[in-house]
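Below: one structure, written as structure tokens.
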Amino acid sequence: MAMVYYYKLLDNHIQSLNSKFREKFSIKQSLYDDIILVLRDGWGDSQLKFWVHKNFKLAKNGDQHLVYEIKSNCPIVTYENLFIKIKECHEKVGHQGRDKTWLQVKAKYSRIPIDSIKLYIALCDVCCKRKGFPKPTVEKPIVSMGYLTRLQMDLLDMRNIQDGEYKWILYTMDHFTKFSWAYSLKSKEVKSIADKLLEQFYSFGTPRILQSDNGKKFVAKVIKDLKTSWANLTIINGRSQDPQTHAFVEHNNQILKLALYKWIQLNNCKNWSKGLAQVVYSINSSSTQSIKITPYEKVFGPKSSYDIDMWQVLSAQDVINEEDLPQDVIDKLKEYENQTDVVETTTSLNINNSLTSLDLIPQISLGLTPSTVLSSKFQMSPQMKNKQRSELLANEQIESIDTEKEFNSSKPYSMCNNQRLRSETEVMDMTITFKRRKLFHDTLHQY
Numbered sequence: 001m002a003m004v005y006y007y008k009l010l011d012n013h014i015q016s017l018n019s020k021f022r023e024k025f026s027i028k029q030s031l032y033d034d035i036i037l038v039l040r041d042g043w044g045d046s047q048l049k050f051w052v053h054k055n056f057k058l059a060k061n062g063d064q065h066l067v068y069e070i071k072s073n074c075p076i077v078t079y080e081n082l083f084i085k086i087k088e089c090h091e092k093v094g095h096q097g098r099d100k101t102w103l104q105v106k107a108k109y110s111r112i113p114i115d116s117i118k119l120y121i122a123l124c125d126v127c128c129k130r131k132g133f134p135k136p137t138v139e140k141p142i143v144s145m146g147y148l149t150r151l152q153m154d155l156l157d158m159r160n161i162q163d164g165e166y167k168w169i170l171y172t173m174d175h176f177t178k179f180s181w182a183y184s185l186k187s188k189e190v191k192s193i194a195d196k197l198l199e200q201f202y203s204f205g206t207p208r209i210l211q212s213d214n215g216k217k218f219v220a221k222v223i224k225d226l227k228t229s230w231a232n233l234t235i236i237n238g239r240s241q242d243p244q245t246h247a248f249v250e251h252n253n254q255i256l257k258l259a260l261y262k263w264i265q266l267n268n269c270k271n272w273s274k275g276l277a278q279v280v281y282s283i284n285s286s287s288t289q290s291i292k293i294t295p296y297e298k299v300f301g302p303k304s305s306y307d308i309d310m311w312q313v314l315s316a317q318d319v320i321n322e323e324d325l326p327q328d329v330i331d332k333l334k335e336y337e338n339q340t341d342v343v344e345t346t347t348s349l350n351i352n353n354s355l356t357s358l359d360l361i362p363q364i365s366l367g368l369t370p371s372t373v374l375s376s377k378f379q380m381s382p383q384m385k386n387k388q389r390s391e392l393l394a395n396e397q398i399e400s401i402d403t404e405k406e407f408n409s410s411k412p413y414s415m416c417n418n419q420r421l422r423s424e425t426e427v428m429d430m431t432i433t434f435k436r437r438k439l440f441h442d443t444l445h446q447y
């Protein structure tokens, strides 16, 4: 019923547009089929062929053909599937509003107008019941220099909707990446908090600064308890928060709470501890305005190049075992594995070559024995020493670069642009190392 009403309102919106924008609003299934015929069979007139080949490409997934937009490299969504795809993206971001949904849609699909997203959210029952997010009064949040430089820790009171023995939520967030963690707690005792933090630190690393909206004394107790299990742990107690920072932290806490309340409504389940991990995952996999990508991508890197839509089609076809995958998908997997093996082999060869070159550094730089150097100290003038030192450094630089060049020419695998840049950087680093070690030892023997 909701879908029927949605398309009724969508049709009214399309009819209200200028006539030249109506046909361009979205691609209907009939036109989608024509695009497949053009790309697969060369069907159609010259004007249609030009438009199709300029904007679209064809991808095969088993027995199905999917049309991708060349510009975005994402699959086309037809008019008939707008409701389903928008609903999928909106629920994945945890009903976090128009902007989050729009970013998720753009990352996965193409040819979905933003007006169709606005219309869907206006009809979403969960979003209609939600309260507005409190906006922070500070425009610039706390500055962090890198991943886990500063970890924000807070306790959320859930006693009004207690889930059995669980009454609290320990919510932590890395300020630099906006990556979040959350744990259900039975009490707010320091020991139970420290145990959860230790689990997190062992898996993701330790922060440099730990701060909390509960005050420095609370953080000091937590750090003290952490050190009973991790003696050499070094964490700095963060500074006290001002009202502006407090508003920013409360804003993030409200995002988690509202997302959790929506999960409770959608699943008609008051056991929020079961849905806490799912809610945090939806937050981490949603793009944020401050970093422009998802926190998950900020921490673990970009998503896999394999199209998510392809795997959804395979799942819809009840493909469970790898042996049942279509042959073209198996070929793509093998191609990806071969590319990974080449990168790993190239990286291994670069590392081995760097280590070999570094092992040769003392032999090149210290080719003269100590007795020879000491005897030369009294036999050569300072001008002669400087001249010999300059010639030796020049020769070492040439030999180092030639050795690297010879190694690169004998590699059995081709190197991608990133690997080539890395190799050139290693050559520069080794050359600088040659010079520094030589000057150091010359100075040492001179005095």
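For the sequence shown, the UniProt record's numbering assigns the number 1 to the initial residue and increments by one for each residue that follows.
Don't be surprised by glycine CBs; every beta carbon is placed ideally from N, CA and C.
- The DSSP assignment places 190 to 204 as complete runs of the alpha helix (DSSP H) inside the region 130 to 209, in order along the chain (cut-off: 4 residues).
- In the structure shown, PRO75 falls within a strand segment according to DSSP collapsed to helix, strand and coil.
- Nearest to LEU10 by C-alpha distance, out of GLN211, VAL38, LEU39, LEU82, is LEU82.
- Around the Cβ of MET3, a 10 Å sphere holds fewer than 16 other Cβ atoms; the residue is exposed.
- Residue environment: PRO295 is assigned as buried (16 or more neighbouring CB atoms within 10 Å of its CB, all protein chains considered).
- When only Cα atoms are considered, VAL299 and ASP45 end up about 48 Å apart.
- Taking the Cα of LEU156 as reference, the smallest distance to any Cα among ALA182, TYR147, ASP174 is reached at ALA182.
- When the Cα atoms are used, LYS227 and LEU198 turn out to be separated by approximately 10 Å.
- A distance below 8 Å between beta-carbons, with the five flanking residues on each side excluded, links ASP99 to the following residues of its chain, in chain order: GLN289.
- With distances taken between CA atoms, SER184 lies nearest to SER273 out of ALA122, SER273, ALA59.
- Residue pairing by DSSP puts ALA59 in a beta bridge opposite LEU66.
- In this model, TRP263 and VAL279 are separated by some 7 Å (Cα to Cα).
- For ASN253, DSSP assigns no beta-bridge partner whatsoever.
- By the neighbour-count criterion, in which a residue is buried when 16 or more other Cβ atoms sit within 10 angstroms of its Cβ, LEU119 is buried.
- Around the C-beta of SER212, 16 or more other C-beta atoms lie within 10 Å, and the residue is accordingly described as buried.
- For GLN15, the enclosing alpha helix (DSSP H) begins and ends at 2 to 15.
- Separation of the CB atoms of ILE70 and PHE56 is rounded to 6 Å, and the pair is thereby assigned contact status at 8 Å.
- Comparing alpha carbon positions, the residue from LYS196, LEU148, ALA194 closest to ASP174 is LEU148.
- The C-alpha of ILE86 lies about 7 Å from the C-alpha of VAL105.
- The DSSP-derived three-state label of GLN47 is helix.
- Beta bridge pairing from DSSP links GLN211 with GLN152.
- Taking all protein chains shown into account, LYS178 has 16 or more neighbouring C-beta atoms within 10 Å of its C-beta and is therefore buried.
- Distance between GLU80 and HIS90, taken at the CA atoms: about 17 Å.
- Between LYS196 and LEU170, the C-beta spacing is below 8 Å.
- Comparing alpha-carbon positions, the option among GLY301, GLY238, TRP230 lying closest to ARG150 turns out to be GLY238.
- Look at SER287 here: in three-state DSSP terms it is coil, with no helix or strand label.
- In the three-state reduction of the DSSP assignment, SER282 falls in the helix class.
- Cβ contact annotation for SER282 (same chain, cutoff 7 Å, sequence separation greater than five): LYS92, VAL93, GLY94, ALA259, in chain order.
- Per DSSP, the unbroken alpha helix (DSSP H) holding ARG40 starts and ends at 29 to 41.
- Judged by their CB atoms, ARG22 and VAL77 are not nearer to each other than the 8 Å cut-off.
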